[in-house]
Amino acid sequence: TSSLSSSVASTEQDELSQRLSRLRDQV
Amino acid sequence: MALPAPLRSIQHHLRTANEHEKRDPVVAYYCRLYAMQTGMKLDSKTPECRKFLVKLMDQLETMKKELSDSDSITQEVVGNAHIENYALKMFLYADNEDRGGRFHKNMIKSFYTASLLLDVLSVFGELSEENIQHRKYARWKATYIHNCLKSGETPQ
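Dropping the structure here:
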C-alpha cells in the first residue's frame, strides 16, 4: 500500500512539475 | 485556503501577491510563481501541501490567461526587468525616507517588500551580487527600524 501511495504522490508531483514547465514556456 | 505549516516560509510572498492583485498584477503573478517554485521544493508530497500547490497552480494558469496581452508575462526577460525596477523603486523610496530621518511604517514595509521582490527575482536565474547586497540591507533595515520604533528609540 505504501509503495502504491508513494507512486500516486510521485505521479501527481510530476504532473505539477509539467504544469509548471508549461506555464513557463515563453509564448 | 490556509497555508500548510511546511510552506510557511512563502507566506510573505503570497501576501505581497494579494496586496498587488489590483495595483500591479505582474508583481502578483511573479510573487505567486516564486511561491510555487519554492513551495514545490519545500514539500509537494504531503496531501495538504499538494492540494495547496495545485490550487496555486490553477491560480497561476488563470492569471497567465488573463494577462496574456502583457509582455511582462509572455516574455520572462521583460518580467524580470519589471520586477527588478519595482523592487528598486521600493528600495529607493525607503532609503530616501531613511536618509531624510523620516521613520514610519510605510518605509519599513517598503524596505521589507523590496527584499521579498528581490527574492522573487531568483525565478529568472541567479541573483546579481548587487541585488544580494540590496536584499540583505533592505531586510536588515526593515527589522532594525521596526525594532527601534517599537522600543521608542531613534534609528541611527
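Listed in order, the protein sequences are those of chains E and X.
Be aware that the first sequence starts at 1, since it is given in this note's numbering, and climbs by one per residue.
Be aware that the second sequence starts at 1001, since it is given in this note's numbering, and climbs by one per residue.
Even for Gly, the Cβ is constructed at its ideal location relative to N, Cα and C.
None of these values were measured; they are calculated from a predicted model.
Residues that residue i contacts on chain E, provided the C-beta gap is smaller than 9 Å
{"i": "X:L1149", "result": "In chain order: nothing, as chain E lies at least about 40 Å away."}
{"i": "X:E1061", "result": "R19, R22, L23"}
{"i": "X:M1040", "result": "Q13, L16, S17, L20"}
Burial state of residue i (16 or more Cβ within 10 Å)
{"i": "X:H1104", "result": "exposed"}
{"i": "X:D1095", "result": "buried"}
{"i": "X:S1110", "result": "buried"}
{"i": "X:G1101", "result": "exposed"}
{"i": "X:K1141", "result": "buried"}
{"i": "X:T1157", "result": "Residue 1157 of chain X is absent from the structure shown; chain X starts at 1001 and stops at 1156."}
{"i": "X:A1220", "result": "Residue 1220 of chain X is absent from the structure shown; chain X starts at 1001 and stops at 1156."}
{"i": "E:R24", "result": "exposed"}
{"i": "X:R1008", "result": "exposed"}
{"i": "X:G1125", "result": "exposed"}
{"i": "X:R1050", "result": "buried"}
{"i": "X:S1151", "result": "exposed"}
Cα-Cα separation between residue i and residue j, rounded to whole angstroms
{"i": "X:T1113", "j": "X:M1090", "result": "7 Å"}
{"i": "X:V1054", "j": "E:Q18", "result": "12 Å"}
{"i": "X:K1136", "j": "X:H1013", "result": "16 Å"}
{"i": "X:S1068", "j": "X:Q1059", "result": "14 Å"}
{"i": "E:L16", "j": "X:S1070", "result": "24 Å"}
{"i": "X:Y1144", "j": "E:D14", "result": "42 Å"}
{"i": "X:E1097", "j": "X:I1010", "result": "28 Å"}
{"i": "X:C1031", "j": "E:T11", "result": "26 Å"}
{"i": "X:P1025", "j": "X:H1146", "result": "28 Å"}
{"i": "X:M1001", "j": "X:E1048", "result": "11 Å"}
{"i": "X:M1036", "j": "E:L20", "result": "8 Å"}
{"i": "X:Y1029", "j": "X:L1003", "result": "18 Å"}
{"i": "X:M1107", "j": "X:L1149", "result": "12 Å"}
{"i": "X:S1122", "j": "X:L1033", "result": "11 Å"}
Under 7 Å by beta carbon: chain E residues contacting residue i
{"i": "X:L1053", "result": "L16"}
{"i": "X:K1064", "result": "L23"}
Beta-carbon neighbours of residue i, restricted to chain E and to distances below 8 Å
{"i": "X:M1057", "result": "L16, R19, L20, L23"}
{"i": "X:M1036", "result": "L20"}
When the Cβ atoms of the stretch 1106-1120 of chain X are set against those of the stretch 1076-1094 of chain X, are three or more pairs found closer than 8 Å? As far as the Cβ criterion goes, the stretch 1106-1120 of chain X touches the stretch 1076-1094 of chain X, which means the pair count is three or higher.
Three Cβ pairs or more, each shorter than 8 Å: is that satisfied between the stretch 1127-1137 of chain X and the stretch 1043-1056 of chain X? The stretch 1127-1137 of chain X makes no contact with the stretch 1043-1056 of chain X; the number of CB pairs closer than 8 Å stays below 3.
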